[in-house]
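Line by line, the protein sequences give chains A and B. Here UniProt numbering is used: the first residue of the first sequence is 1, the next is one more, and so on. Here UniProt numbering is used: the first residue of the second sequence is 1, the next is one more, and so on. Here the structure is laid out as structure tokens; the discussion comes afterwards.
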Amino acid sequence: MTSEEIFALLEPIIKTYLPEDVSAKEINHESDLTRELNINSAHLVDIILDIEDVFNIEFKNEDMEKLRNVNDVTFLIQQKISA
Amino acid sequence: MKINEIILQLPYSEPFLFVDEVLSVSEETISGTYTFHKDAFFYKGHFKNNPVTPGVILTECMAQIGLVCLGIYLLDKENSLTSPTFAMSSIEIDFYLPVFPGEKVKVLSEKKYFRFNKLKCEVKMLNNNDEIVAKGTISGMIINKKREETIHSKKLPQ
């Protein structure tokens, strides 16, 4: 899967958990999940759980610490589906 | 961890402690009780001359037994109990019956998942006649202080 294909599946997941004052247009490869998109830690977990379902992969506790922006998530998904 | 040790680890005290007893606990479920004292502070104003336990207090009681007590037990199982703090993140509860001053309630909670420090549970509250008083889903984040401090210090500029 290319990172663009992953992004296409990832974007709607993130969109579900965006607070009302953040526009979906602000989701791009570089957006910082908590600082820019304003996603709280509980919703970050929801996003990870949804990703696990959609991509059929599993995240570990230490993976969470690596996730800052959308690119980090895409990269980790890519790693996990090709593993 | 023994059942009676859970309450000692709770981060609450009077007048905001709403757990009297934990009846049973496992990695999947927990049950406990609380009796609402007739002279509790909120009855004075909720409502004027008509004391009824506020829904937010019932919710708090459900969260303290169903989420926080269970969370303490689960963290202890993982050996990562280091004076955690709890932050409620989401609640959806339906209320069915009023709870009056002096009533004893029982809270039953079932874990849906506990992952990445987020605990989500289905929680029920029953009255003394085993009738459902309230029922719903509660989630919260467990913030382990020690761990947060290490993460935080990494972020600080050198």
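Cβ atoms here follow ideal geometry from the backbone N, Cα and C, with glycine treated the same way.
> Using CA coordinates, which residue listed in Lys-120/B, Glu-103/B, Phe-116/B is at the minimum distance from Glu-110/B?
Replying inline: On the second sequence, residue 110/B is found 110 positions in, with the first residue counted as 1. The residue with the shortest Cα to Cα distance from Glu-110/B is Lys-120/B.
>> Report the CB separation of Ile-51/A from Ile-13/A in whole angstroms; it is logged as a contact under 8 Å.
In response: As a first step, residue 51/A must be located in the first sequence, where it is residue number 51. As a first step, residue 13/A must be located in the first sequence, where it is residue number 13. Confirmed, about 6 Å.
>> If you follow the beta strand (DSSP E) that Leu-23/B is in, where does it begin and where does it stop?
In response: As a first step, residue 23/B is located in the second sequence; it is residue number 23 there, counting from the start. Its beta strand (DSSP E) spans residues 21 to 25.
> Can you name, in chain order, every residue of its own chain whose Cβ lies under 6 Å from the Cβ of Pro-98/B, other than the five neighbours on each side?
Replying inline: As a working mapping, residue 98/B is identified with position 98 in the second sequence. The residues are Val-52.
>> Rounded to whole angstroms, what is the Cα-Cα separation between Leu-126/B and Lys-25/A?
In response: On the second sequence, residue 126/B is found 126 positions in, with the first residue counted as 1. On the first sequence, residue 25/A is found 25 positions in, with the first residue counted as 1. Roughly 46 Å between the two C-alpha positions.
>> If we require 4 or more residues per run, which alpha helix (DSSP H) segments fall completely within the stretch 28 to 73 of chain A?
In response: Note on the stretch 28 to 73 of chain A: whole alpha helix (DSSP H) runs with a minimum of 4 residues are 41 to 55, 61 to 66, in chain order.
> Three-state secondary structure (DSSP) at residue 143/A?
Replying inline: For chain A, the structure presents residues 1 to 83; residue 143/A sits outside this window and is missing.
> To which residues of the same chain is Glu-92/B closer than 7 Å at the C-beta, ignoring the five residues directly before and after it?
Replying inline: Position 92 of the second sequence, counting from 1, holds the residue named residue 92/B. Scanning its chain for C-beta atoms nearer than 7 Å, with the 5 sequence neighbours on each side dropped, one finds around Glu-92/B the residues Gly-136, Thr-137, in chain order.
> Excluding the five sequence neighbours on either side, which residues of its own chain have a C-beta within less than 6 Å of the C-beta of Lys-38/B, listed in chain order?
Replying inline: The residue labelled residue 38/B in the question sits at position 38 within the second sequence. Excluding positions up to five away in sequence, the list reads Pro-101, Gly-102.
>> Counting only Cβ pairs nearer than 7 Å, list the residues of chain B close to Val-45/A.
In response: Position 45 of the first sequence, counted from the first residue, corresponds to residue 45/A. The contacting residues are Arg-115, Phe-116, Lys-118.
> How would you list, in chain order, the residues of chain A whose beta-carbon sits under 8 Å from the beta-carbon of Ser-139/B?
Replying inline: On the second sequence, position 139 is the one that residue 139/B refers to. Here the neighbours are Ala-42.
>> Using the Cβ count rule (16 or more neighbours within 10 Å means buried), how would you classify Pro-11/B?
In response: The residue you call residue 11/B lines up with position 11 of the second sequence. Pro-11/B sits exposed, since fewer than 16 C-beta atoms from the chains shown fall within 10 Å of its C-beta.
>> Quick check on Phe-18/B: does DSSP put it in helix, strand or coil?
In response: Working through the second sequence from its first residue, we reach residue 18/B at position 18. Here Phe-18/B carries a coil assignment [DSSP, helix/strand/coil].
> Roughly how many angstroms lie between the CA atoms of Thr-16/A and Ala-40/B, to the nearest whole one?
Replying inline: Position 16 of the first sequence, counted from the start, is the residue given in the question as residue 16/A. Position 40 of the second sequence, counted from the start, is the residue given in the question as residue 40/B. Approximately 40 Å, taken between the alpha carbons.
> Taking Cβ-Cβ distances shorter than 9 Å, what residues in chain B pair up with Ile-48/A?
Replying inline: If you number the first sequence from 1, residue 48/A lands on position 48. Within 9 Å Cβ-Cβ: Arg-115, Phe-116.
>> Here's a check: name, in chain order, each residue in its chain whose Cβ is nearer than 8 Å to the Cβ of Ile-151/B, leaving out the five neighbours to either side.
In response: In the second sequence, the residue the question calls residue 151/B occupies position 151. Interpretation of Ile-151/B is limited by its pLDDT of 43, a score under 50 that renders its predicted location unreliable; no figure is taken from the coordinates.
> What is the DSSP secondary structure of Tyr-113/B, counted as helix, strand or coil?
Replying inline: The residue you call residue 113/B lines up with position 113 of the second sequence. Note: Tyr-113/B maps to strand in three-state DSSP.
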